[in-house]
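Participant: Mind looking over this structure? Questions follow.
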Amino acid sequence: MGCTPFSVLVADRVFLLVKKLNLAVKPVSKTLRSREFVKVSSLNVYPAKGNELKVLGLIAKEVDLAVNEHLSGRGEVIRLRVNGEIIDSGVKSFLVEGGFVYEVYCFKCFANAFIRVILEKSLQTGERWISVDVDEVVGSPWFKEE
Numbered sequence: 030m031g032c033t034p035f036s037v038l039v040a041d042r043v044f045l046l047v048k049k050l051n052l053a054v055k056p057v058s059k060t061l062r063s064r065e066f067v068k069v070s071s072l073n074v075y076p077a078k079g080n081e082l083k084v085l086g087l088i089a090k091e092v093d094l095a096v097n098e099h100l101s102g103r104g105e106v107i108r109l110r111v112n113g114e115i116i117d118s119g120v121k122s123f124l125v126e127g128g129f130v131y132e133v134y135c136f137k138c139f140a141n142a143f144i145r146v147i148l149e150k151s152l153q154t155g156e157r158w159i160s161v162d163v164d165e166v167v168g169s170p171w172f173k174e175e
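Printed below as a string of structure tokens:
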């Protein structure tokens with residue numbers, strides 16, 4: 030197989046972009062976890078106030094490039110533009126002020142991933158940041174033949 034997991038690829042590429050362009054005004058958090066066939070990563074970027082949509086666009090472009098290079102024409106991508114809200118434990122806690130959700134299927138790795146690149150706003154503090162989250166299943170049942 031030899032595929033780099035989406036969770037690592039996306040987090041690393043976005044982390045490098047943020048560092049290179051010095052976009053974050055607060056420390057960037059980067060979390061990678063995996064358990065057997067499931068891998069996740071989470072990266073929060075805190076752009077300067079008023080610069081959030083520009084940074085969101087740059088990050089989405091980097092994720093597009095990472096996904097397309099990884100798939101090399103051997104996969105499927107569903108890319109959705111999103112707005113909405115996040116309800117945490119039954120409480121509306123955050124607004125999604127824009128972003129993208131990717132559903133990705135790699136025919137080489139037999140993996141599927143859900144990638145969220147969203148601009149969030151806390152309803153409690155008013156703070157805004159960009160979340161880049163990847164949930165990935167390697168050896169997904171989508172690729173099992175009956």
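Count the sequence shown with the working numbering and you get residues 30 to 175, in order. Built from N, CA and C at the ideal position, the CB exists for glycine as well. Source: prediction; values computed, not measured.
(1) So phenylalanine 143 packs on phenylalanine 172, CB below 8 Å; how close in whole Å?
(2) Quick one, which of Ile115, Tyr131 and Phe66 has its alpha-carbon nearest glutamate 105's?
(3) I'd like to confirm something about cysteine 138: is its beta-carbon nearer than 6 Å to some heavy atom of the ligand SAM, or not?
(4) In angstroms with no decimal places, state the Cα-to-Cα distance between isoleucine 88 and leucine 38.
(5) For the beta strand (DSSP E) that contains arginine 145, what are its first and last residues?
(6) Excluding sequence positions up to five away, which residues of its chain have a Cβ less than 7 Å from the Cβ of serine 169?
(7) With a threshold of 6 Å on Cβ separation, who are the neighbours of lysine 150 within its own chain once the five nearest residues in sequence on each side are excluded?
(8) For glycine 113, I'd like the list of residues in its chain whose CB is within less than 6 Å of its CB, leaving aside the five on either flank, ordered along the chain.
(9) Going by the CB atoms, is the gap between glutamate 91 and leucine 148 shorter than 7 Å?
(10) Report back the beta-carbon spacing between lysine 68 and valine 167 to the nearest angstrom; my notes put them in contact at under 8 Å.
(11) Using a Cβ-Cβ cutoff of less than 6 Å, which residues in the same chain neighbour tyrosine 134 once the five nearest sequence positions on both sides are dropped?
(12) Give the list of continuous beta strand (DSSP E) stretches no shorter than 3 residues that lie fully inside the stretch 108–133.
(13) Could you tell me whether the Cβ atoms of isoleucine 159 and valine 96 are closer together than 7 Å?
(14) For phenylalanine 136, collect the residues of the same chain with a Cβ closer than 7 Å to its Cβ; drop the 5 residues on either side in sequence, then sort them by chain order.
Facilitator: To lay it out plainly:
(1) Actually they are not in contact, since the Cβ atoms of phenylalanine 143 and phenylalanine 172 sit about 16 Å apart, beyond 8 Å.
(2) Considering only alpha carbons, the answer is Tyr131.
(3) What this structure holds is no ligand at all, so the ligand SAM is not there to describe.
(4) Cα-Cα distance, rounded: 13 Å.
(5) Counting along the chain, the beta strand (DSSP E) containing arginine 145 begins and ends at 140–151.
(6) Only Phe139, Ala140 and Asn141 meet the Cβ criterion.
(7) Excluding positions up to five away in sequence, the list reads Leu124, Glu126 and Arg157.
(8) Contacts found: Val125.
(9) No, they are not a contact pair.
(10) Between valine 167 and lysine 68 the Cβ distance is about 7 Å, and since that is below 8 Å, they are a contact.
(11) The beta carbon of tyrosine 134 lies closer than 6 Å to those of Gly104, Glu105 and Asn141 in the same chain, with the five residues before and after it left out.
(12) Positions of the beta strand (DSSP E) runs, each at least 3 residues long and wholly inside the stretch 108–133, are given as 113–117 in order along the chain.
(13) 7 Å or more divides the Cβ of isoleucine 159 from the Cβ of valine 96.
(14) By the criterion of a C-beta distance shorter than 7 Å, phenylalanine 136 is surrounded in its chain by Arg103 and Gly104, once the five residues flanking it on both sides are discounted.
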